[in-house]
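Read through the structure below, which is laid out as structure tokens, and then see the notes.
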Amino acid sequence: MQMRVTVNGRVYESDVEPRTLLVYYLREHLRLTGAHVGCDTTTCGACTVLLNGKAVKSCTVLAVQANGQEILTVEGLERDGELHPLQKAFWEEHALQCGYCTPGMIMTACELLERNPFPTEEEVRKGISGNVCRCTGYVNIVKAIQSAGRQMAEQNKVPNDQSEVVPSGN
Amino acid sequence: MAINQCELRPMGKSIHRKEDPRFIRGQGRYVDDIVLPDMLYMSIVRSPYAHAKITGINTDAAYQVPGVKLIITGEDLEKMKLAWIPTMAGDVQMVLATNKVLYQYQEVAAVVAETRAAAVDAAQLVEVEYEALPVVVDPFRALQPDAPVLRDDREKKSNHIWHWEAGDREKTEEIFQNAPVVVSQDVRFQRVHPSPLEPCGCIADYNKGTGRLTWYVTSQAPHAHRTVLAMVTGLPEHKIHVISPDVGGGFGNKVPVYPGYVCAIVASLKLGQPVKWIETRTENIASTGFARDYHMKAEIAADENGKVLGLRVKTIADHGAFDAAADPTKFPAGLFSIVTGSYDFQQAFVEVDGVYTNKAPGGVAYRCSFRVTEAAYLIERTMDVLARRLNMDPAELRLRNFIKKEQFPYQSPTGWTYDSGDYEQTFKLALEKIGYHELRKEQAEKRARGELMGIGISTFTEVVGAGPSHSFDIMGIKMFDSAEIRVHPTGKVIARLGVRHQGQGHETTFAQIIGEELGLSADDVLVEEGDTDTAPYGLGTYASRSTPTAGGAAALCARRIREKAKKIAAHLLEVGEEDVSWNGEAFEVKGLPSRKVTMGEVALAAYTNLPEGMEPGLEATYYYDPPNLTFPHGAYIAVVDIDTGTGAVKVRRFLAVDDCGNVINPMIVEGQVHGGLTEGFAIAFMQDIPFDEDGNCLAPNWMDYLVPTSLDSPHWETDRTVTPSPHHPIGAKGVGESPNVGSPAAFVNAVVDALSPFGVEHIDMPIFPWKVWEILRKNGVTE
Amino acid sequence: MIPTAFDYYSPTTVDETIALLQKHGYDAKILAGGQSLLPMMKLRVAMPPILIDINQLDDLRGWREENGYLRIGALTRHADLEQERNLMERYPLLSKTAEWIADVPVRNRGTICGSLVHADPGSDWGAAMIALRADVEVIGPSGVRRVPIDEFFVDTFTTSLEIDEIASAVLIPSPIGRVGARYMKLERKAGDFAIVGVALQVVKANDGTILDAGIGLCACGDVPVRAKKAEEWLIGRSLDKETIQQASLLAQEDANPATDLRGSAEYKRDLVRVFVKRGLEEIADELR
């Protein structure tokens, strides 16, 4: 099936099998391997990306369902060589160990801070409960998200979208 | 930005991790991220039965799926003498079932196809005929004389695998006969699974032209895996190149060699194309190395004042269908005999019997130094039973029985030599910090009002860092570890180690050790692990052994470089070597500290301006065989509240005071503790892999095998004391598994403490709300 | 982890959708939020040859109040109902239930009617819609019909939808009076299906008596269950201690939970009592 999707500000046109899950489309067609697969049951959230600004588990969306939509992945967070405040905060607060959950966790946090720039610990914990981390025990992830929220409020950055059409990887 | 890796003297500083920039950008490179030209995908056909004869396999329909290249069955592997492989525990296990299957989800056939989807589609079409056989899931039933013998391939016609014991049976017996107080408790450590977020997987890439196999695998022990492969497949070891790329968590799950790996390699050997196999979560939980499944009985003999005298432990170890535990060869029950823990027992006797059942094989060290978790849980749990029986505060009982600071090095009755410790100091800090006496007061007040609150203590001793090589080997290979350091002309360093991190932060901490020893910053040192072509041989990362072994190797290797550097420094400073001293950052002329040369200057000279006759270059390799294990310890205190309506337990506070000796990076140590506590919490309250009587696995995915989320996991408080290891080159001990080893007992002790007014002495994990509810209702407590 | 192959349709009108259902019958499955269906397809528990994605049906979006009802379009996501401030005062049970469903990314995607049509007895929405006395609006070849929620659930994973019908909306009676609601749930882990869930809505008349009480039970039978005896007991009474106590006992009588990994039937029945009691006590406090 033909589809056209905007990922990280770039438009891709692809021909995919309808059963292709969005996560495999991103990983194998576009070679954006930040979203990971950690379970088969929509539990772990390692594959989380933003679909039209909303966090979704990309293992539980068909690629063809993203036709005509906009996707943001962890690879699209850095702007002009500058890390996103969440990326910085995860680094500074030691909010990752093996790194496998990190891209999904950051994307869920991205939407959370959009809705609520100053979440309490309880609100962060509620917000990220769909993203499993097996390494950190979550304490530093909570800290990082709160810290990023404060930084973002200070910066109040407006992302600049520069769209261009490119053919897809496959 | 506060991130600074450029400071000199990096040891002991919370330097931000060097590995993070790639992970936060989504640029980690895990095995499933790797795509090779002409790569094929493999999917495995698994048994729906726990015990059945295979009477036929038909692959015709499967071969009709477009893109299918190869289907491997047990019969094919038999021809290659690969249907069975040795396990690390001295047993053998099936790669693909030949005549029968011994557990549900056992590997029966492997399908290789051009796409992931085609492989899965075709695997579904492989028709296997089974004839069901009687199933044994209970290890006690397995030991009965009339139980069906599961392993008819063995000479011994019994489900009993081995008997192992430690300590002195007679002397312990004597103590028990004369002891005024004896308590006894049956304790189960349920079947759990390490479940790292990244499941197991590999790409086997055999190049017919070069005759070399490149094997990308998410592995905690790439060198050991290469040796095992060489032994199993007959490929010469130098023609196997193992690459363990970024590893998405391991926790012991990625130590064994699994059947899927062998199948992928066989497929690549046959087809001459790369073959990728990435397991699903169900495959991960239901077929790869589980942990624990120990049925234990502990008895403590004590006097009336609570002084412990003797310990007796009897355990049935359920290993499933094959003994695929990843223990050192001489230790079929791992280091379980550390079960006397932090307490000064006169005598102890420990026996363990391994048993086969129709369950997935394993018994791996899940965030655990080979059965230490079971041991720590058992002794900490049973000490509380003793305290209850003596009507004594469990804190007081512990203080009366700790091995004293002056007793180190301490000889334990089961044969261990504890290196160092100050249990009283650590425990007193914990008691003070959590406000133990105030909590007890609050508890008394609440009890009077009918509210249930509990305080649980665990003051555990860990044993980590296998070797030393005189006692520890895996399949004959001694358990040392290694480092190789190359200092390049501009003073920048590449260091390679035989271990393989999975999130522990080696790229940072080993750079700190080496930077400290060489007068450089952590930023000046690039640490590489996981490539058997480049890294020196080592046994890998598990059992908290990286810092005790490879950490020691890194320090001593750097010191070896410093020895040569000193000679070059003397040459540059134009004095005799005996007139040069090292000040931590540079070489200086004794008595003339202003005359100095840095390691950077020495490095340049090593390639440009050497003393007459000296071999050029500045590099060294060090294989470190530790003289002893290290013995970290900790004091953990949990405070819980119980909902009398639902039976739900809320962990209100948890304080972990750890002593892991000298600390390389406090931030990373704290992170390790946080993570291990969340795993310990999950084991105490959420996790179990139950089976029904037909051997069906009832928790084969993350819907039913419960992994804790941010909402489940409590907030953690941490602190630290420092008792350096006297024998370790930098006085460090290792910490990764302490929180997982020490915490389950604290949680359970807290819940039992809350319920103790009802005479409750023990509850088996996981403490689901319904278990607490049953106790409450039985005792007339209701909302 | 990979679904079996299927033909994919993405109709843009309801008529087109119905026509596809008529053509493909039992071979076709409707894909809405996909948060139950796609996981089942990945595990190959479900293997539909035809998938009809209704996400392009704009008519099924959004909510509005009309004719004494709140009409919630089938494609309304759990997260919309969780976060929609305009609904929190009059329809508090919606937000209070939604926040218990799975987790944020799943709630961003999963839809209210998708959940109802899936008819899992452990569905939080099922219990809530019982408590709210909702109707399901159904569209088929012969037009639109309304099915009371109690008649909608037939059995586990089975509704009274015909094979060529889709659920297009749920209709919730607009309450006249002060409304208090709670969703009480115990989970083995956050985001898990309920060990037991209890949805409660109480509408209070000006004189303080209970005008209407709705109690839906989750994981207490083959379908979401109405605690009918407790509801009847409450109507016309005031929310005092004894009334609540009795309601909590009566609610147990309609609960028929099964013993499983989540606990015994006896345990779950007691949870019903505890949750009805706690929920009503909280509501009584709130509406005091």
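The listed protein sequences correspond, in order, to chains A, B and C.
According to the working numbering, the residues represented by the first sequence are 1 to 170, in order.
According to the working numbering, the residues represented by the second sequence are 171 to 953, in order.
According to the working numbering, the residues represented by the third sequence are 954 to 1241, in order.
Virtual Cβ for every residue (Gly too), placed ideally from N, Cα, C.
The DSSP-derived three-state label of B:Phe515 is coil.
B:Asn348 counts as exposed, since fewer than 16 other beta carbons sit within 10 angstroms of its beta carbon. Neighbours of B:Val290 in chain C, taken as residues whose beta carbon is under 7 angstroms from its own, are Ile955 in chain order.
For B:Leu688, the enclosing alpha helix (DSSP H) has its first and last residue at His676 to Leu688. Taking A:Asp15 as the centre and dropping the five residues before and after it, the same chain places the C-beta of Gln2 closer than 6 angstroms to its C-beta, in chain order. At a cut-off of 8 angstroms between beta carbons, B:Ser414 makes no contact with chain A. A:Cys44 is positioned such that its CB atom lies closer than 8 angstroms to that of B:Trp872. Counted as a single uninterrupted DSSP element, the stretch harbouring C:Arg1098 is not any alpha helix (DSSP H) but the beta strand (DSSP E) occupying residues Gly1096 to Pro1101. Runs of the beta strand (DSSP E) lying entirely within the region 981-1059 of chain C and spanning at least 3 residues, in chain order: 981-984, 1003-1006, 1016-1019 and 1022-1026.
Taking the beta carbon of A:Ser129 as reference, the chain B residues within 7 angstroms of it are Thr879, Ser880 and Leu881, listed in sequence order.
Using a Cβ distance threshold of 8 angstroms, C:Pro1058 and A:Val139 do not count as a contacting pair. Shown here is that no member of the region 192-214 of chain B has a Cβ falling below 8 angstroms from a Cβ of chain C. Taking 8 angstroms as the cut-off, the Cβ atoms of B:Pro444 and B:Leu252 do not count as close. With its beta carbon at least 8 angstroms from every one in chain C, B:Met258 lies outside the interface. Interface flag for A:Val74 against chain B is set, since a Cβ pair is found closer than 8 angstroms.
With a threshold of 8 angstroms between beta carbons, B:Glu368 makes contact with chain A. Under the DSSP definition of a beta bridge, C:Gly1169 partners with C:Ala1152 and C:Arg1179. Residue contact with chain A for C:Ala1055: present (Cβ-Cβ distance below 8 angstroms to some residue of chain A). Residue pairing by DSSP places B:Ala472 opposite B:Val351 and B:Val478 in a beta bridge. According to the DSSP secondary-structure assignment, B:Met623 is paired through a beta bridge with B:Asp811.
Looking at the DSSP output, C:Gly1216 bridges to C:Asp1213. If you check the CB distance, A:Pro85 and A:Ala148 come in under 8 angstroms. Taking the CA atoms as reference points, B:Asp703 sits about 21 angstroms from B:Gly198. In this structure, B:Thr268 lies away from B:Gly237, with their beta-carbon atoms at least 8 angstroms apart.
Neighbourhood of C:Arg997 in chain B, by CB distance below 9 angstroms: Val290 and Gln294, in chain order. A direct Cα-Cα distance of roughly 13 angstroms separates C:Val1225 from C:Arg1135. Burial check for A:Arg79: the Cβ neighbour count within 10 Å stays below 16, so the residue is exposed.
Rounded to the nearest whole angstrom, the CA to CA distance from B:Thr587 to A:Phe118 is 52 angstroms. For the 8 angstroms CB-CB criterion, C:Lys1157 and C:Ser1201 do not form a contact. Contact annotation: in the region 234-251 of chain B, no residue has its CB less than 7 angstroms from a CB in chain A.
For B:Asn228, the three-state secondary structure derived from DSSP is strand. The shortest C-alpha to C-alpha distance from C:Met1041 to any of C:Lys1138, C:Leu1187, C:Arg1060 and C:Gly1133 is the one to C:Gly1133.
For the region 432-467 of chain B, the continuous beta strand (DSSP E) assignments of 3+ residues that do not extend past its boundaries occur at 445-448, in sequence order. Excluding residues up to 5 positions away in sequence, Arg1062, Gly1063, Thr1064 and Gly1067 lie with their Cβ nearer than 6 angstroms to the Cβ of C:Gly986 in the same chain.
Around the C-beta of B:Asp862, fewer than 16 other C-beta atoms lie within 10 Å, and the residue is accordingly described as exposed.
In the three-state DSSP reduction, B:Ala259 falls in the coil class, being neither helix nor strand.
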